[in-house]
Each structure stands twice: as structure tokens, then as C-alpha cells.
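Q:
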Amino acid sequence: MSIDGACAPWVYRTEGKTPRCLPDKCMPVAEHNSDTVFSESPPMPKRNILSVYDDMLQVSHQMVEAAQRQDWDALNELEAVCATYVKQIQVAKRQTELGSQEIETKVAYLMKILADDRRIRDLSEPWMVELAKMMAPRSRTRPSAPNRD
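All the letters of the sequence shown, read from the start, carry residue numbers 1 to 149 under UniProt numbering.
This is the structure:
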């Protein structure tokens with residue numbers, strides 16, 4: 001299932017290669033095929049790094065909405081999309097130094113993402129408790145044998 005036509009963010013087409021995601025060249029998941037190749041990205045400009053944070057924030061908002069609907073499959077899929085953004089940021093932050101204004105913007109994004117994360121956990125933890133109860137083995141208690149004195 002595709003999430004609003006989104007894919008793991010960076011996609012290049014190359015003949016006969018195995019698909020791997022790359023930032024900046026996004027296409028809908030349905031368009032991925034054996035000619036789609038994902039590889040390590042070139043260094044990102046500061047503007048693009050902040051846009052990845054913005055994209056991650058948008059996915060974070062979608063995750064809250066999925067949790068509110070109790071659509072756990074969509075939430076799981078969105079978590080995978082978010083994980084691709086985290087990997088992009090990990091690569092990009094080693095390649096690019098942000099100035100003080102960019103750092104403030106990044107922190108603002110992170111604070112909003114963390115607030116969404118808290119909301120998602122608040123919505124999903126009760127469901128997880130119920131799921132754990134349903135999956136726990138039921139103890140079978142046998143009636144105690146009559147006392148033979």
C-alpha cells in the first residue's frame with residue numbers, strides 16, 4: 001500500500017539494477033520496478049536537509065492521524081517512511097554544517113516531531129496493553145482435588 005503516492009524519498013532509474021531509495025528524485029511506489037535504483041546520495045544543500053525534517057514532520061502528523069483512527073497498518077507503514085528520512089538525515093548531517101538559524105529551524109521541527117511521537121504513544125499504548133492481554137497465554141486452572149482426610 002502506498003502512502004499518498006509517497007515512496008522512500010530518493011529514487012533513480014538505472015537499467016537492470018535492484019531498487020534502492022535515494023533522496024530528491026521521488027516517484028510513487030507503484031512506479032518502482034527492477035529498473036529503479038536507490039543508492040547513496042550526493043551531499044545535500046542545507047535547504048534540502050531542512051526540507052527532509054519538514055517531510056518527516058508531515059509524515060509524523062500523518063502518523064498521529066493514523067493512530068487516532070487506530071489504523072495500525074498505516075501507522076506501521078508511515079513509521080517505515082519516517083525511518084528512511086532518519087537515515088537521510090544521518091547521512092546529510094555528516095556532510096553539511098548548519099548555521100545558527102538552520103539549527104533553530106531544525107530544533108523547532110524536532111520539538112514538533114517529539115510532540116507527535118508522544119501523542120502517538122498516548123494513543124497506541126492502551127491498544128498495545130489490550131493486544132498483550134489477548135496474546136498472553138491463558139492459565140488453565142483445574143479445580144482443586146477434594147481433600148481426602
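All residues carry an ideal CB built from backbone N, CA and C; glycine is no exception.
The model shown is predicted, which means the values in this text are computed figures rather than measured ones.
So, with DSSP's three-state summary, where would you put T96?
A: Here T96 sits in coil by DSSP.
Q: On a CA-only basis, which of P137, S124 and S60 is nearest V86? Give me that one, please.
A: The candidate whose alpha carbon is nearest that of V86 is S60.
Q: Applying the criterion that 16 or more other CB atoms from any shown protein chain within 10 Å of the CB defines a buried residue, is A92 buried or exposed?
A: With 16 or more Cβ atoms within 10 Å of its Cβ, A92 is classed as buried.
Q: Helix, strand or coil: which one does DSSP assign to P137?
A: Three-state result, P137: coil.
Q: Give a yes or no on whether the C-beta atoms belonging to R119 and V81 are separated by under 8 Å.
A: Against a cut-off of 8 Å, the Cβ pair of V81 and R119 comes out as no contact.
Q: Please state whether DSSP places D71 in a helix, a strand or coil.
A: Here D71 sits in coil by DSSP.
Q: Whether or not the stretch 90-108 and the stretch 49-57 are in contact is what I'm after, with contact meaning three or more pairs of Cβ atoms, one per stretch, closer than 8 Å; do they touch?
A: Yes, the stretch 49-57 touches the stretch 90-108.
Q: Using a beta-carbon distance below 8 Å, is L110 in contact with chain C?
A: The chain labelled as chain C is not found in the depicted structure, where only one protein chain is given.
Q: Between which residues of its own chain and Y109 is the CB-CB distance below 8 Å, once the five residues before and five after are set aside?
A: So the qualifying residues of the chain are L50, Y53, D54, M56 and L57.
Q: Starting from the Cα of W127, find the closest Cα among W72, N48 and Q95 and give me that residue.
A: W127 has its Cα closest to that of W72, out of W72, N48 and Q95.
Q: Beta-carbon separation of Q68 and L123 under 8 Å?
A: Taking 8 Å as the Cβ cut-off, Q68 and L123 qualify as a contacting pair.
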